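Data block below; observations after.
Structure below.
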């Protein structure tokens, strides 16, 4: 029987080019981007992230400083929800979020 994978919302197969870039980063440049010591590895990591931001920004007609990378869906959802609540509560004095019981746990718990 052939298996068909349909759960790309949770985990998507990694593109080989992405895997190659990530492996290269983990094995040849393992500095902390924006680290406090400012050594070569940190600077190279920061430059690599900035170049990635520029590449994504070009694809979606945005500015590089508008691009935020996160560790995954939970962090992304929390950042979007909490950022929106903060923005609208400061602008309008209040903010409401409407959701349902079938929403992802990270949304409900946010």
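Numbering (this note's numbering), first residue to last: 14 to 123.
Where is the CB? At the ideal position from N, CA and C, for every residue including glycine.
All values derive from a computational prediction rather than experimental measurement.
Helix, strand or coil at residue 83 [DSSP, three-state]: coil
Unbroken stretches of the beta strand (DSSP E), 3 residues or longer, contained in the stretch 27-92: none
Coil, strand or helix - residue 17 by DSSP: coil
Under 9 Å between C-beta atoms of residue 38 and residue 58: yes
Selection from 49, 78, 104 that minimises the alpha carbon distance to residue 62: Nearest to residue 62 by alpha-carbon distance, out of 49, 78, 104, is 78.
Pick from 96, 40, 24 that is closest to residue 85, judged by C-alpha positions: The shortest CA-to-CA distance from residue 85 to any of 96, 40, 24 is the one to 24.
Exposure of residue 96, with buried meaning 16 or more beta-carbon neighbours within 10 Å: exposed
Test item: CB-CB of residue 90 and residue 123 under 9 Å: yes
Residue from 42, 115, 66, 76 whose Cα sits closest to the Cα of residue 83: 66
Limits of the alpha helix (DSSP H) - the one that residue 107 falls within: First-last for residue 107: undefined, no H or E at that position.
Residue 93 to residue 36 span [Cα, whole Å]: Going by C-alpha positions, residue 93 is about 29 Å away from residue 36.
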